[in-house]
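Scroll down for the structure; my scribbles are underneath it.
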Amino acid sequence: DAEITQSPRHKITETGRQVTLACHQTWNHNNMFWYRQDLGHGLRLIHYSYGVQDTNKGEVSDGYSVSRSNTEDLPLTLESAASSQTSVYFCASSETRLDGYTFGSGTRLTVV
Amino acid sequence: QKEVEQNSGPLSVPEGAIASLNCTYSDRGSQSFFWYRQYSGKSPELIMFIYSNGDKEDGRFTAQLNKASQYVSLLIRDSQPSDSATYLCAVNFSGNTPLVFGKGTRLSVIA
């Protein structure tokens, strides 16, 4: 069965370190998205991609980057982790731009 | 500014009752609308989508859309304790921008 997987499920890192969160989907979807979810803020868009070599910034992109070298993967990198980036991160994908999204299981990141 | 508004709740309903969840959005030209269910500690799960004005039914769930009033709702009939979760409304404001999510409404179904 097709799926979307995120790794790691939990991560603790120190302030200032570079961290990469993985997202891999086998749906063959062109569209992939990264959101963060925090109490009081809901789901907020970090970055998204509509195909290989395409990346776009979302509303909370500062301090984050993504790259899309193939259809299956959209890794999210925190360049220099900050305590404000402690959050739950969700990756999602969709077949078309008007479809609903399928979400991964999430990564809980703690920056200490 | 593209915004999706939901009451945060909690909305408490007795088992067997109808739960009504509401969502408003800021752009009358919006194209597609989604309801997600999220259990505590889990990822959002798509449960309903609607594109056209009117009602759409799927089992115990009915989505209602009124584009003129910029309003979308989700009705859950015969509510069960297992329906207790946070329900997220999401709107596709245009074909070229990602979904914008509301902050969610927490539903509690009391046995």
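Protein chains in written order, with the working numbering: chain A, 423 to 534; chain B, 158 to 268. Cβ atoms here follow ideal geometry from the backbone N, Cα and C, with glycine treated the same way.
Residue i: contacting residues in chain A (beta-carbon distance under 9 angstroms)
i, result
"Leu245 of chain B", "Gly464 and Leu465"
"Gln188 of chain B", "Leu520"
"Lys260 of chain B", "Gly462, His463, Gly464 and Leu465"
Proximal chain B residues relative to residue i, where beta-carbon distance stays under 7 angstroms
i, result
"Gly528 of chain A", "Ser200"
"Tyr470 of chain A", "Pro255"
"Tyr560 of chain A", "One cannot answer for residue 560 of chain A here, as it falls past the ends of chain A, which runs 423 to 534."
Cβ neighbour criterion (16 or more within 10 Å) applied to residue i
i, result
"Gln428 of chain A", "buried"
"Ile434 of chain A", "exposed"
"Leu461 of chain A", "exposed"
"Ala242 of chain B", "buried"
"Gly216 of chain B", "exposed"
"Pro201 of chain B", "buried"
"Ser471 of chain A", "buried"
"His463 of chain A", "exposed"
"Arg458 of chain A", "buried"
"Ile426 of chain A", "buried"
"Leu194 of chain B", "First, the residue type needs correcting, since residue 194 of chain B is Arg and not Leu in the sequence shown. The residue is buried, with at least 16 neighbouring Cβ atoms inside 10 Å."
"Lys260 of chain B", "buried"
"Gly526 of chain A", "buried"
"Thr524 of chain A", "buried"
"Tyr182 of chain B", "buried"
"Thr529 of chain A", "buried"
"Tyr564 of chain A", "Coverage of chain A is limited to positions 423 through 534, which leaves residue 564 of chain A absent and any answer about it impossible."
"Val161 of chain B", "buried"
Chain C residues whose Cβ lies nearer than 7 angstroms to that of residue i
i, result
"Lys224 of chain B", "This model lacks chain C altogether, as its protein chains are A and B."
Partner residues on chain B for residue i, Cβ-Cβ distance less than 8 angstroms
i, result
"Gly480 of chain A", "Pro255"
Interface residues of chain A facing residue i [CB-CB closer than 7 angstroms]
i, result
"Phe206 of chain B", "Gly522"
"Phe191 of chain B", "Gly522"
"Asn249 of chain B", "Leu520"
Beta-carbon separation (whole angstroms), residue i vs residue j, contact threshold 8 angstroms
i, j, result
"Asn452 of chain A", "Thr493 of chain A", "7 angstroms"
"Ser165 of chain B", "Thr262 of chain B", "6 angstroms"
"Glu536 of chain A", "Val510 of chain A", "Look at the range of chain A in this structure, 423 to 534, and you will see that residue 536 of chain A is not part of it."
"Gly522 of chain A", "Leu178 of chain B", "The Cβ separation is near 17 angstroms, so there is no contact."
Proximal chain A residues relative to residue i, where beta-carbon distance stays under 8 angstroms
i, result
"Gly173 of chain B", "Correct list: empty, because the minimum Cβ distance to chain A is about 29 angstroms."
"Leu203 of chain B", "Gly522, Tyr523 and Thr524"
Quick test of the definition: if touching needs 3 or more C-beta pairs under 8 angstroms, does the segment 169 to 182 of chain B touch the segment 478 to 493 of chain A? no
Evaluate the contact criterion for the segment 240 to 250 of chain B versus the segment 176 to 192 of chain B: three or more CB pairs, one atom per stretch, below 8 angstroms. yes
Taking contact to mean 3 or more Cβ pairs, one atom from each stretch, closer than 8 angstroms, check whether the segment 503 to 517 of chain A and the segment 231 to 246 of chain B are in contact. no
Looking at C-beta atoms only, is the number of pairs between the segment 217 to 230 of chain B and the segment 494 to 505 of chain A that lie closer than 8 angstroms three or more? no
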